[in-house]
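Engineer: Under our numbering, the first residue of the sequence shown is numbered 110, with each subsequent residue one higher.
Below is a structure I'd like to ask you about.
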Amino acid sequence: PTMQHQPGARTTYYDAALQKYLPNIDQFVMLGAGFDTRAYRLPPGTHIRCFEVDTPNTQAFKREMLRRAGVAEAGVIYVPTSFQENDWFEQLLVAGFDPTKPSLFTWESVTMYLDREAVEHTLRTIAGTAAGTVVAFDYFAAELVTSQSLFMRYARAVIKLTGEPFRFGIDNTPPVRERVAEFLAACGLVLEEQRNFGAETEQQRAMAGFAIARVPTK
Numbered sequence: 110p111t112m113q114h115q116p117g118a119r120t121t122y123y124d125a126a127l128q129k130y131l132p133n134i135d136q137f138v139m140l141g142a143g144f145d146t147r148a149y150r151l152p153p154g155t156h157i158r159c160f161e162v163d164t165p166n167t168q169a170f171k172r173e174m175l176r177r178a179g180v181a182e183a184g185v186i187y188v189p190t191s192f193q194e195n196d197w198f199e200q201l202l203v204a205g206f207d208p209t210k211p212s213l214f215t216w217e218s219v220t221m222y223l224d225r226e227a228v229e230h231t232l233r234t235i236a237g238t239a240a241g242t243v244v245a246f247d248y249f250a251a252e253l254v255t256s257q258s259l260f261m262r263y264a265r266a267v268i269k270l271t272g273e274p275f276r277f278g279i280d281n282t283p284p285v286r287e288r289v290a291e292f293l294a295a296c297g298l299v300l301e302e303q304r305n306f307g308a309e310t311e312q313q314r315a316m317a318g319f320a321i322a323r324v325p326t327k
C-alpha cells in the first residue's frame, strides 16, 4: 500500500480495534476525535461511556454538522481541549472519566502533528490509568519527518501551509516492532500489536505504522 491508501487503512484498523476491545471496556475515549463517527455507530445495547477530546472549534463545527444531519449526540461527552496547550486529562476527569475503569483510547492521525514531549506526556498519562486499558494510535517514521529528500521537503512544506506541520516520528530502523516497543516501554506501556504501513525489508523501510499498547498490571 502507498501513503495515499493510509486514510482507508486507518479507518479499517481502528474499527477492528474497537470491535476487539469493546467487550472488555467501560469507557471509550477518542483523542483528537475530529469528525470520527465511531461513537455514533456502536452496536445497539452497548453500555459504555464515550468521550470525544478535541479543540473547541473542531467540536463546535462537528456538532453543528451532526445537528444538521439529524444525528443524536446522546451518550457522547465532549471534552474541548488541546494536547499542546492544556492538560487534556484534567479536563477529561472533570467531564466524568473514571481512571480506575478499563478503557480504550483511540488516537487517530494525531501524533505526527504534536511535538515529542506532548506525545510522551499523553502516553504516560494513559499509562497511569487502570490496568488493562489500551491505546491504539498511528505514527509516522522519524525519517519521514526529518528526511531532506526533495520530495519530503516539498511534502512537508505543503503540509506546513495547513498550519499543522509534521513534528513527531518513531525510529524506523528494522525491526520497527522493537523500536516501537522500546518507545512505549519508556512511557510505561506494553506493546500489544504493531503493524507497518508498507514493506519492511533490507532495502526498504516502512514510513508509517499502527500500534496498540496496554497498561500493565501495577
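A virtual CB, placed ideally from N, CA and C, is assigned to each residue, including glycine.
(1) Please name the residue, chosen from Asn281, Ala320, Gln313, Asp280, that lies closest to Val299 on a Cα-to-Cα basis.
(2) Grab me the residues of Gln215's own chain with a C-beta within less than 6 Å of its C-beta, minus the 5 sequence neighbours each way, in chain order.
(3) Are the stretch 201-220 and the stretch 165-179 touching, with three or more C-beta to C-beta distances below 8 Å?
(4) Apart from the five residues just before and just after Ala142, which ones in its own chain have a Cβ nearer than 6 Å to its Cβ?
(5) Please state whether DSSP places Gly117 in a helix, a strand or coil.
(6) Using three-state DSSP, classify Pro211 as helix, strand or coil.
(7) Under DSSP, the beta strand (DSSP E) around Val324 begins and ends at which residues?
(8) Along the chain, where does the beta strand (DSSP E) that runs through Pro152 open and close?
(9) Decide if Leu202 is buried, meaning its Cβ has at least 16 other Cβ atoms within 10 Å, or exposed.
(10) Grouping DSSP H, G and I as helix and E and B as strand, with all else coil, what is Asp124?
(11) In chain order, what residues of the same chain have a beta carbon less than 6 Å from the beta carbon of Gln168, not counting five sequence neighbours either side?
(12) With a 10 Å radius around its C-beta and 16 neighbouring C-beta atoms as the bar for buried, classify Thr121 as buried or exposed.
(13) For Cys159, write down the residues that DSSP places opposite it in a beta bridge.
(14) Please return the same chain residues whose Cβ sits closer than 6 Å to the Cβ of Gln193, not counting the five positions on each side in sequence.
(15) For Tyr222 versus Phe275, is the C-beta spacing smaller than 8 Å?
(16) Would the stretch 229-241 count as touching the stretch 307-314 if we require 3 or more Cβ pairs under 8 Å?
(17) Near Arg304, what residues of its chain come up, given a Cβ to Cβ distance below 8 Å and the 5 sequence neighbours on each side ignored?
(18) To the nearest angstrom, how far is the alpha carbon of Leu131 from that of Ala125?
(19) Here's the rule: buried if 16 or more other CB atoms are within 10 angstroms of the residue's CB, otherwise exposed. What is Asn166?
(20) Who pairs with Asn281 in a beta bridge, going by DSSP?
(21) Measure the Cβ-Cβ separation of Asn281 and Ala322 and say whether it is below 8 Å.
(22) Within a Cβ cutoff of 7 Å, which residues of the same chain sit near Lys327, ignoring the five residues on either side of it in sequence?
(23) What's the C-alpha gap between Leu293 and Phe170?
Structural biologist: Put simply:
(1) In terms of CA proximity to Val299, Ala320 leads the group Asn281, Ala320, Gln313, Asp280.
(2) A small correction: the amino acid at residue 215 is Thr; Gln does not occupy that position in the sequence shown. Excluding residues within five positions, the ones whose Cβ falls inside 6 Å are Tyr123, Met139, Ala245.
(3) no
(4) Answer for Ala142: Glu161, Asp163, listed in chain order.
(5) helix
(6) coil
(7) Val324 -> no beta strand (DSSP E), and no H or E assigned at all.
(8) Note, Pro152: premise wrong, no beta strand (DSSP E); not H, not E.
(9) exposed
(10) helix
(11) Only Tyr187, Pro189 meet the Cβ criterion.
(12) Burial call: exposed.
(13) Phe137, Val185
(14) Here Gln193 has Ala227 as same chain residues with Cβ atoms under 6 Å from its own Cβ, once five neighbours each way along the sequence are excluded.
(15) yes
(16) no
(17) Excluding sequence positions up to five before and after Arg304, its CB lies within less than 8 Å of the CB of Tyr122, Gly318, Phe319, Ala320, all in the same chain and listed in chain order.
(18) 10 Å
(19) exposed
(20) Answer is none; Asn281 lacks a bridge partner.
(21) No. Outside cutoff.
(22) For Lys327, the CB contacts under 7 Å within the same chain, skipping 5 residues up- and downstream, are Ala240 in chain order.
(23) Going by C-alpha positions, Leu293 is about 33 Å away from Phe170.
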